[in-house]
Amino acid sequence: MRAHLPPFRGAACPLGLSPSFTATATPTPDGPLVFEAADGTSTLLGPHCLLIAARMDAREGEKGHRELIRILPAVKRDVPDVQLVCAGPGDDRHALQQLARHHGVADAVFFPGYVPLGTLQALYRHCYALVMPSRQEGFGLAYLEAMQHAKPCVGCFHQGAEDIIAHGETGLLVHDPADAPSLLGALNTLLQDRTYAQWLGQNGYKRLQREFTARHYQARLKAHITGLLD
Numbered sequence: 001m002r003a004h005l006p007p008f009r010g011a012a013c014p015l016g017l018s019p020s021f022t023a024t025a026t027p028t029p030d031g032p033l034v035f036e037a038a039d040g041t042s043t044l045l046g047p048h049c050l051l052i053a054a055r056m057d058a059r060e061g062e063k064g065h066r067e068l069i070r071i072l073p074a075v076k077r078d079v080p081d082v083q084l085v086c087a088g089p090g091d092d093r094h095a096l097q098q099l100a101r102h103h104g105v106a107d108a109v110f111f112p113g114y115v116p117l118g119t120l121q122a123l124y125r126h127c128y129a130l131v132m133p134s135r136q137e138g139f140g141l142a143y144l145e146a147m148q149h150a151k152p153c154v155g156c157f158h159q160g161a162e163d164i165i166a167h168g169e170t171g172l173l174v175h176d177p178a179d180a181p182s183l184l185g186a187l188n189t190l191l192q193d194r195t196y197a198q199w200l201g202q203n204g205y206k207r208l209q210r211e212f213t214a215r216h217y218q219a220r221l222k223a224h225i226t227g228l229l230d
């Protein structure tokens, strides 16, 4: 049958950031952000706040939540005020809260669940970096959202993140998030050198404007469709 079919003519077409995200969202004050930590206390988010914006799906467990929580005690040894905000919906939230308690970091991990766009943008503005070491990521729009706010990103090699994050240029990539020393090294590299982290974030913003706006996506899609029709 294959002998009678035309050659495969498919091509990857990287997405761009949605205009609905770059447009002005519901206004959210730029003041202090206070959320309830996993230990039940209302806590002010500090200067070393790491953000993962991803669903918490118990059936998948691929976004990196567990790996981040497990290494957080080691991160806290060098950066005592580090915090991790897990923004997003999902049925794995309770288990992740228990994991944070088990590792003694319930006071530093936050699970606000689904947050409206205005709050999400406030989290991006405030966070130190977006950390989403996902083992199964087709693309990763959250990386683009962080880049829109000039924040460095942490992702994984050999995943969709590699199409977005230029390792050592706009963020850092790890081969396996389950490799605790590797993931810990990436986080410590960012947290212990704010100048470097800000440089990565600025580079990410420039790359977004250069390659990953909705206009760029539309141009790529049009070119691919035109090529298939020729």
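Number 166 in full-length UniProt numbering belongs to position 166 of the sequence shown; there are no gaps in the numbering. Don't be surprised by glycine CBs; every beta carbon is placed ideally from N, CA and C.
Determine the direct distance from the alpha carbon of residue 82 to that of residue 208, and round the result to whole angstroms. On the sequence shown, position 208 is the one that residue 208 refers to. On the sequence shown, position 82 is the one that residue 82 refers to. One alpha carbon belongs to residue 208, the other to residue 82, and they sit about 27 angstroms apart.
Which partner residues does residue 109 have in the DSSP bridge list? Here residue 109 refers to the residue found at position 109 of the sequence shown. Looking at the DSSP assignment, residue 109 forms a beta bridge with 84.
Spatial neighbours of residue 89 in its chain, beta-carbon cut-off 8 angstroms, leaving aside the 5 residues before and after: Here residue 89 refers to the residue found at position 89 of the sequence shown. Around residue 89: 55, 56, 113, 114.
Return the residue from the list 35, 70, 36, 227 that minimises the CA-CA distance to residue 183. To locate residue 183, count along the sequence shown from 1; it is residue 183. For the residues 35, 70, 36, 227, the minimum Cα distance to residue 183 belongs to 70.
What are the boundary residues of the beta strand (DSSP E) that residue 131 is part of? Position 131 of the sequence shown holds residue 131. Looking at the DSSP string, the run of the beta strand (DSSP E) that includes residue 131 is 129–131.
Among 63, 74, 80, whose alpha-carbon lies nearest the alpha-carbon of residue 93? By one-based count along the sequence shown, residue 93 stands at place 93. That would be 63, whose Cα lies nearest to the Cα of residue 93.
Alpha carbon of residue 121 to alpha carbon of residue 6, nearest angstrom: Locating residue 121 in the sequence shown gives position 121, counting from the first residue. Locating residue 6 in the sequence shown gives position 6, counting from the first residue. Their backbone Cα atoms lie some 46 angstroms apart in a straight line.
Throw me the rounded Cβ distance for the residue 68 and residue 84 pair, which I believe falls under 8 angstroms. Indexing the sequence shown from 1 puts residue 68 at position 68. Indexing the sequence shown from 1 puts residue 84 at position 84. At roughly 6 angstroms, the Cβ-Cβ gap stays under 8 angstroms, so residue 68 and residue 84 are in contact.
Distance CB(residue 142)-CB(residue 190) smaller than 9 angstroms: Within the sequence shown, residue 142 is the residue found at index 142, counting from 1. Within the sequence shown, residue 190 is the residue found at index 190, counting from 1. In this structure, residue 190 does not lie closer than 9 angstroms to residue 142 by Cβ.
Going by the C-beta, is residue 158 closer than 8 angstroms to any heavy atom of the ligand SAM? Ligands displayed in this structure: none; no statement on the ligand SAM is therefore possible.
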